[in-house]
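There are 2 protein chains.
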Amino acid sequence: MHPIEVTLDVVCGKWKGVILCHLQEEGILRFGELKKRLPGVSQKTLTLQLRELEEDGLVNRKVYPQVPPKVEYSLTEYGTELEATLEMMCEWGINHHDKVGPNSDSQLIEKPN
Amino acid sequence: MHPIEVTLDVVCGKWKGVILCHLQEEGILRFGELKKRLPGVSQKTLTLQLRELEEDGLVNRKVYPQVPPKVEYSLTEYGTELEATLEMMCEWGINHHDKVGPNSDSQLIEKPN
DNA sequence: CTGAATCCAGAACGATACTG
DNA sequence: CAGTATCGTTCTGGATTCAG
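Chains A and B are the protein sequences, given in the same order. Once you know that position 107 of the first sequence is 107 in the numbering used here, the rest is easy, because the numbers rise by one and skip nothing. Once you know that position 71 of the second sequence is 184 in the numbering used here, the rest is easy, because the numbers rise by one and skip nothing.
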């Protein structure tokens, strides 16, 4: 398995990138706070994405046994080691968000003489 | 849309990461050469992934109008601007490949004395 | 050699309702 | 508040066949 697939496997859920970015910026977030920051995500999906990130060792899940429940998420050390990469991906995204279209510089073949 | 999603959208196909890495390493590759380097990929899927990368402006597709056909793929400038990021992702992958998959050569805990 | 066209299985994701 | 459970849809990618 190519090393880049290891990273992509871990980061390529529909919401995983944004989740990691928010945890990186804000440190610790409760489930509900995270949900507010991901407009459109369903509870089920958010839960699932977080569980997978947890299984892959990227985020910590801290449960406070109280009523009402309180669960906090944060980056693990593995997660923080990904921070520089996430930031680079964000930069590229900022520089290219306008450029989501065809016609990059497709080449026409010149006639051999 | 969060900037990181721009990047992830473009890179998150099953084979896109590896394709980009190979093009980054070897510069120009024909369709068949690329296929050899991705064991298990089907023609249809490889074609599709390449088309999407092309539409997103990451790779060039150069067709030689001859028989048998010859098609060469390479990174566009947008693609090369992603190189540093791809390398960081590979590094993280190398350092954490043990965390993925069931039978990992996990780190041993040093004996306390 | 490259790739288009079908057909299809499974995964991913969402909507909604229910629970301690 | 932070989940499960269930159902349904959409999306992805693989197998196979045909074509220039």
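Glycine residues also receive a C-beta, built at the ideal position from the N, C-alpha and C atoms. Small disclaimer: the values here were computed from a predicted structure and weren't measured.
For B/T158, not one C-beta of chain A is nearer than 7 Å to its own C-beta.
Around A/I19, no beta-carbon contact reaches into chain B at under 8 Å, the shortest distance being about 10 Å. Residue pairing of A/N95 in beta bridges, as defined by DSSP: absent, with no partner found. Not a single C-beta of chain B is nearer than 7 Å to the C-beta of A/G79. Taking 7 Å as the cut-off, the beta carbon of B/T198 is found no closer than this to the beta carbon of A/W15. Separation of B/Y186 and A/V11 (C-alpha to C-alpha, rounded to the nearest whole angstrom) is 26 Å.
Interface residue (Cβ-Cβ distance to chain A less than 7 Å): B/P181 is not classified as such. Neighbours of B/V154 in chain A, taken as residues at a C-beta separation under 7 Å, are lacking, since the least C-beta distance is about 12 Å. The Cβ neighbour count for A/M89, taken over all protein chains shown within 10 Å, is at least 16; the residue is labelled buried.
Taking A/D56 as the centre and dropping the five residues before and after it, the same chain places the C-beta of V10 closer than 6 Å to its C-beta, in chain order.
Rounded to the nearest angstrom, the Cβ distance from A/L75 to A/L8 is 18 Å, too far for a contact under 8 Å. A/V18 is classed as buried because its beta carbon has at least 16 other beta carbons within 10 Å across all chains shown.
Its chain contains V184 as the residues whose beta carbon lies nearer than 6 Å to that of B/F144, once the 5 sequence neighbours on both sides are disregarded; these appear in chain order. When the five nearest sequence neighbours on each side are left out, the beta carbons in the same chain lying within less than 8 Å of the beta carbon of A/K35 are those of V41, Q43, L46, in order along the chain. Inclusion of B/I207 and A/P3 in the CB contact set at 7 Å is warranted, their separation being smaller than that value. Within the model, the alpha-carbon separation for A/R61 versus B/E196 is close to 33 Å.
The beta carbon of A/E25 sits closer than 8 Å to no other beta carbon from its chain once the five residues preceding and following it are set aside. Between A/E52 and B/Y191, the alpha-carbon positions lie close to 31 Å from each other.
Scanning its chain for C-beta atoms nearer than 7 Å, with the 5 sequence neighbours on each side dropped, one finds around B/Q162 the residues G126, W128, K129, I132, in chain order. At a cut-off of 7 Å between beta-carbon atoms, B/G140 makes no contact with chain A. Rounded to the nearest angstrom, the Cβ distance from B/H209 to A/V6 is 6 Å, consistent with a contact under 8 Å.
The DSSP assignment places complete beta strand (DSSP E) segments of no fewer than 3 residues inside the region 127-205 of chain B at 172-177, 183-188, in order along the chain. By the rule that beta-carbons nearer than 7 Å mark a contact, A/G93 touches chain B.
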